[in-house]
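The next block holds one structure in the form of C-alpha cells; read it before the comments.
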Amino acid sequence: MSLQGEKDRILFDRAKAVIPYGVNSNFRYWGDDDTLIATRGKGAYIWDADGKRYIDYRLGFGPIILGHGYPAVVERVQEAIGDGTVFAWTTPYEIELCERIARMCKVDKVRLTNTGTEATMHALRIARAYTGREKFIKFEGQYHGMADYFMFSTASAHPGALGSRRNPINAPATSGIPKGISQYVINLPFNDFERLEKTIAAQWGDIAAIFIEPLLGNAAGIMPRPGFLEKIRELCDQYGIVMVFDEVKTGFRIANGGAQEYFGVRADLVTYAKSLGNGFPIAAIAGKEEVMMTIEPGAMAHGGTYSGNVVAAVAGIATLETLEALPVIETINRRGRALMDGIREVLTEADIPHYLPGLPPMFGIVLGIEEEPHDFRDYFRGDGELYERLVLELIQRGVQPDGDAREPWFLCYALSEEDVNETLNIFNDAIKAAKQ
Ligand SMILES: Cc1ncc(COP(=O)(O)O)c(C=O)c1O
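Residue numbers (the numbering used here): 39 to 474.
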C-alpha cells in the first residue's frame, strides 16, 4: 500500500520529471510510492498534498524547535527583509545574534554560515590550520554533513562494511570521493575508551581534531558513557588536539546552551545549525578565542556570500529570544518524558523488547533489544525491519517519525499534551498492526 494520495502522486511525478528522484536531498527519498509532498506546516503538524494532517516528529530533520511557522520568528523576518537581505557588510542583526550565541553557549567568538555542512567543513579547516596537522578522528555512525572528509562510516554505513572493532575500516558513504581523502580520516567506535587512547597515543602528532556528536543524533540518540566526553577533553588537552562538538542536532535543543551545558564539557570549537533558526537556513561555528582567531583574512579562509544574511540572522535572533524568554526546552522535556514513558509502556504490553536511547527532546526507539546500545555497532542488534513496519503504520494513522530508526524522534514546543496522548493511542494501534 502506498502512503501517497492522488495529489501527492501527481506532484511527485512532476517532481521526478525535473529533480533526480523527485527530492532535493537524498535522505528525503522514501521510494516512488512512499515519498510525500508537504504543502503546509503549522505548530506540531504538517499536511500532505491531499490535505492529510500528520503530527510531525521529523521536524525537517530537527530544526523546528518551536513549531512550524512560529509567528514570533516569521513576523520578525517579514518585518526585516523589506530593508534588504544581503549587503556584504556586517549588519546589526549579525552582531546581536553572535552576542546571543556567545552568551547562551559560553563561547568567545562566533562566525555564521548557512548550513551544518558549511560549519563542520570550516571547523575542520580551522582545526588543521591551528594545529598544523591533517588527520582527524570521528566516530562510527556520526554524520557531520556532506563534505567529502566526513562521508565515511556515517549512519548509512552497513555494519559489515565497518571492519573489526580492533581495526575499523572507513566505509565510504558515497561514490565520488577521491581515494586519497580516506587517509585523513580515522573512524572509531563511540564510547570505546581504550581504542581512543591507543589511537591517540600512536598517532597524536598527525591528529588535528576529534569531531564528536555529543550524543549520536544520527544513530538513534545513543548516549556517551559517563566520563567519555571528559576523557576526550583530557586527551585533547594532553596532545594539543582540537575538540570539536558537532552540535548541529543537539544545539539549542537539549539545553539552551546545548550539549556543552547539558554534559558540562567545553569543546574548543562547536558547530550549530538546525534549531538555531527554527527552520530558516542558518548555522554557526563558535568556540574559544585562540582557536577561532585562527581565521584570518588573507591567511585562513572562512567565507560565504550568504553567511549572516538578514533572513537567517533575524530568524536566529527571534528563535533564541524565544528560547530564553519562554520555558521551551523545559516543556519539550516534559512532553518528551511522557511520550517516552508511554511508548515504553505500550511496547512492554505488546511484549516487544526495546530500548529508547537519547534525551526527551530527541530520542530513538530501538526494537528487539533490551540493553542500552553504546555504539553504532550495538545499534544493529535491533530489529530495523519491525521498526520500518511500525513507522508505515504510524504514518498511515497520521503520526510522522522518520522511517529509519537511526533518525531520532524530534519534539517541538508547539506539541501539546493532547498531541502526545493522540500519538500514544495511535502508537498502540500501529504496533499491533506492525507485529502481525
Ligand atoms: C550532526 C550533524 N552535523 C552536520 C549536519 C549537516 O547539516 P546540514 O544538513 O545543514 O548541512 C547534520 C545534518 O543532519 C548533522 O546531523
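Cβ atoms here follow ideal geometry from the backbone N, Cα and C, with glycine treated the same way.
| Query | Result |
| --- | --- |
| For G154 and A199, the rounded distance between their alpha carbons | 26 Å |
| Cβ pair L104, A452 closer than 8 Å | yes |
| Inter-residue CB distance, E268 and V303 (contact presumed, cutoff 8 Å) | 6 Å |
| Integer-rounded CB distance, given that E172 should sit under 8 Å from D244 | 7 Å |
| E134 Cβ short of 7 Å to ligand 1 heavy atom set | no |
| Supposed close pair F465, L432 - CB separation, criterion 8 Å | 7 Å |
| DSSP state of E445 mapped onto helix, strand, coil | coil |
| Proximity test, E178 beta-carbon vs ligand 1 heavy atom, cut-off 7 Å | no |
| CB of G325 within 8 Å of CB of L307, strictly | yes |
| Beta strand (DSSP E) segments (min. 3 residues) lying fully within the segment 220 to 274 | 223 to 226 and 245 to 250 |
| Sequence-distant residues of the same chain with beta carbon closer than 7 Å to G441, five excluded per side | W68, E426 and V429 |
| Residues sharing a beta bridge with K176, DSSP | N225 |
| Element boundaries [beta strand (DSSP E), containing G79] | A76 to K80 |
| Local conformation of G218 per DSSP, three classes | helix |
| Check whether I381 and P399 have beta carbons under 8 Å apart | no |
| DSSP three-state assignment for M184, whether helix, strand or coil | coil |
| Straight-line Cα distance separating T343 from G317 | 20 Å |
| Burial state of K236, where buried means 16 or more other Cβ atoms lie within 10 Å | exposed |
| With 16 other Cβ atoms within 10 Å as the buried cut-off, status of M159 | buried |
| Spatially closest choice to V333 from T192, G259 and I164, by CA coordinates | The sequence given here places Ile at residue 333; Val does not occur at that position. Per the Cα distances, I164. |
| Any non-hydrogen atom of ligand 1 closer than 7 Å to Y181 Cβ | yes |
| Candidates N347, D416, M189 and I292: closest to C143 by CA position | I292 |
| Distance cut-off 7 Å: E251 Cβ against heavy atoms of ligand 1 | yes |
| CB contact flag (I260, Y417, <8 Å) | yes |
| One or two residues paired with M400 in a DSSP bridge | L397 and F448 |
| Identity of the residue in G100, G296 and I469 nearest P446 by Cα | G100 |
| CA nearest to the CA of Y168, picked from A443, M330 and I469 | M330 |
| Own chain residues within Cβ distance below 6 Å of A110, not counting five before or after | A356 and T360 |
| Alpha-carbon spacing of A76 relative to N205, whole angstroms | 43 Å |
| Inter-residue Cα distance where the pair is E117 and R419 | 51 Å |
| D284 beta carbon near ligand 1 (any heavy atom closer than 7 Å) | yes |
| Reference I224; option with closest CA among E178, D86 and G374 | E178 |
| Endpoints, the beta strand (DSSP E) within which L462 is located | Careful: L462 lies outside any beta strand (DSSP E), inside the alpha helix (DSSP H) at E455 to K473. |
| Cα-Cα separation between D71 and Q42, rounded to whole angstroms | 6 Å |
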